[in-house]
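The opening position of the sequence shown corresponds to residue 0 in numbering that gives the first Met the number 0, with each subsequent residue numbered one higher.
What follows is a single structure, written as structure tokens, with notes after it.
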Amino acid sequence: MMKNLANEALLVMGSRRTYGISYTASPTRLAALDPITRQPIVAIWTYDGDVKGSEGDAFIDISPMRLLTVSSAGYLPVTLNVGNAIGCSNLMNIRTDDGSVTFFGVEGFLPPQPADNHDVIGIFSSTNSAVALRSDGASFPGENRNMARRCHILLPSVGTSSN
Numbered sequence: 000m001m002k003n004l005a006n007e008a009l010l011v012m013g014s015r016r017t018y019g020i021s022y023t024a025s026p027t028r029l030a031a032l033d034p035i036t037r038q039p040i041v042a043i044w045t046y047d048g049d050v051k052g053s054e055g056d057a058f059i060d061i062s063p064m065r066l067l068t069v070s071s072a073g074y075l076p077v078t079l080n081v082g083n084a085i086g087c088s089n090l091m092n093i094r095t096d097d098g099s100v101t102f103f104g105v106e107g108f109l110p111p112q113p114a115d116n117h118d119v120i121g122i123f124s125s126t127n128s129a130v131a132l133r134s135d136g137a138s139f140p141g142e143n144r145n146m147a148r149r150c151h152i153l154l155p156s157v158g159t160s161s162n
């Protein structure tokens with residue numbers, strides 16, 4: 000008996016992450032698979048706001064700060080959330096579904112929760128510090144408190160953080 004795939008969502012494998020320096024600087028690869036056979040299938044990969052998507056069984060994610068919808072005939076589409084986790088040394092920054100950032104890491108390295116921790120659309124990281132970008136273009140640091148230096152990041156077409 001053949002299973003009705005119209006009730007099955009695509010299986011999308013891979014990871015989404017916001018960009019940082021060192022090992023996290025390159026885009027990631029995503030793949031669309033049949034949820035039952037686990038075989039690659041051709042899908043349409045469309046970023047939120049784009050009229051036309053890209054076709055293929057794999058996709059290089061160059062805009063992890065945007066929602067990404069993956070669709071294919073005979074399957075339910077899947078919308079992938081933005082990249083939401085990035086680390087810097089002894090600190091992990093996680094963007095939650097409500098748009099705030101939670102910090103995890105080694106005790107003594109965790110920054111205090113900032114008052115302006117809302118509407119975060121992306122997190123950027125270097126080895127010893129991180130900065131979160133809000134939807135209004137403002138940013139706040141997630142600095143490793145035990146490090147003396149800060150990382151000032153230029154945010155293209157948004158401005159700079161001078162905290």
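C-beta atoms are modelled at their ideal positions from N, C-alpha and C, and glycine is treated no differently.
task: Specify whether the segment 91 to 107 and the segment 49 to 67 touch according to this definition: at least 3 beta carbon pairs, one from each stretch, less than 8 Å apart.
output: Judged by Cβ distances under 8 Å, the segment 91 to 107 makes no contact with the segment 49 to 67, as fewer than three pairs qualify.
Member of 38, 33 and 134 whose CA lies at the smallest distance from the CA of residue 94: Numbered from its first residue, the sequence shown carries residue 94 at position 95. Nearest C-alpha to residue 94: 134.
- request: Quick one: using the 10 Å Cβ neighbour count with 16 as the cut-off for buried, is residue 36 buried or exposed?
  value: Position 37 of the sequence shown, counted from the first residue, corresponds to residue 36. It is exposed - the Cβ of residue 36 has fewer than 16 other Cβ atoms within 10 Å.
- request: Closer than 6 Å by C-beta to residue 76: which residues in its own chain qualify, once you throw out the five before and the five after it? Chain order, please.
  value: Your numbering for residue 76 matches position 77 in the sequence shown. Counting only Cβ-Cβ distances below 6 Å, and skipping sequence neighbours, we find 68 and 70.
Among 117, 81 and 58, nearest to residue 66 - alpha-carbon criterion: On the sequence shown, position 67 is the one that residue 66 refers to. It is 81.
task: Could you pull the start and end residues of the beta strand (DSSP E) that residue 120 belongs to?
output: Position 121 of the sequence shown holds residue 120. Annotation: the continuous beta strand (DSSP E) that includes residue 120 extends over 119 to 124.
task: Evaluate residue 92 with the Cβ neighbour count: other Cβ atoms within 10 Å of its Cβ, from every protein chain shown; 16 or more gives buried, anything less gives exposed.
output: In the sequence shown, counting from the first residue as 1, residue 92 sits at position 93. That one is buried.
- prompt: Which partner residues does residue 137 have in the DSSP bridge list?
  reply: Position 138 of the sequence shown, counted from the start, is the residue given in the question as residue 137. Its beta-bridge partners do not exist; DSSP assigns none.
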